[in-house]
Amino acid sequence: MLRILLTTIGLLLASNSLVYGQNSYSNRVDCFPEPGVTKELCAARYCQWDDNANSTARAMNVPLCYFPKTTGYLVESNTGDTYIISRKNVTSNDKNNPPNPYLNEGETEYSLKVTVSRYGPALRVWIGPNEGPKRFEPDIDLLKPDPVGDIDLKFEANEGPPFSFVIKRISTGAKIWDTSIGKSAMFSTSVQKT
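In case it helps, mature numbering (1 follows the signal peptide of the UniProt record, and there is no 0) puts the sequence shown at residues -21 to -1, 1 to 173.
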């Protein structure tokens, strides 16, 4: 379940940060997190390979195989606090938007639903499949939606392309979570944050 959530957030994060050409060492998202990556394996995933990485970059564990700038999600529809997003070029096998490396064989990449709910002083951002198999959610009544309660958090969506979002503290303007910056990638099944 955690792997699913983390991958989901990861691709959203990568989608915006990588589109704007920020593939410096600090903004790369590892496209081949398993051991034994080679240039050939990287190319098979339609990712970018760095032939010029120096010893400092290698010592810092900078990914040699990383997602290209064009990776991301597009908004299909927006109805208030719900966004339906889908991967760019997911059906075309386009080399500009590599497939999700975290899907198990036979799994399908579905469009995602991003839903924002307010729970008193808390904000819940739920990211899950818009179609296909539904994710398990325990039937626990921890918090009931409360759109009136004092909330110090604000959800701001950037419909892009690519789609990204920021959660800010209203009182200070501080960013709590920002999917438009580098070092992470969101998929339908997990998030990769470096």
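Quick reminder that beta carbons are idealized off the backbone N, C-alpha and C, glycines included.
* With a cut-off of 8 Å on the beta carbons, I'd call Trp96 and Asn109 a contact; round off their distance for me. => The identity of residue 96 in the sequence shown is Ser, whereas the question assumes Trp. That pair is no contact at about 16 Å.
* Asked: Which value, in whole angstroms, describes the spacing of the CA atoms of Gly139 and Leu53?
  -> 7 Å
* Asked: Which whole-angstrom value describes the C-beta separation of Arg7 and Val41, a residue pair presumed to lie in contact below a C-beta threshold of 8 Å?
  -> 6 Å
* Asked: So what does Ser143 bridge to, in DSSP terms?
  -> Asn137
* To do: Within its chain, find whatever has a CB closer than 6 Å to the CB of Arg103; leave out the 5 residues flanking it on each side and keep chain order.
  => Ser96
* **Unbroken stretches of the beta strand (DSSP E), 3 residues or longer, contained in the region 31 to 115** => 52 to 58, 61 to 66, 91 to 98, 101 to 108
* Thinking just about the alpha-carbon of each residue, which of Ser150, Ile155, Thr151 is nearest to the one in Phe144? -> Ile155
* Taking all protein chains shown into account, do 16 or more other C-beta atoms lie within 10 angstroms of the C-beta of Pro100, making it buried, or fewer, making it exposed? -> exposed
* **Neighbourhood of Asp29 by C-beta, 6 Å cutoff - its chain only, sequence neighbours within 5 removed** => Leu43
* Do Cys21 and Phe46 have their CB atoms nearer than 8 Å? -> no
* To do: In angstroms with no decimal places, state the Cα-to-Cα distance between Lys18 and Ser159.
  => 28 Å
* Terminal residues of the continuous beta strand (DSSP E) containing Asp157? -> 154 to 157
* Please decide whether Pro47 counts as near chain D, where near means a Cβ-Cβ distance under 8 Å. => You won't find chain D in this structure, because it holds only one protein chain.
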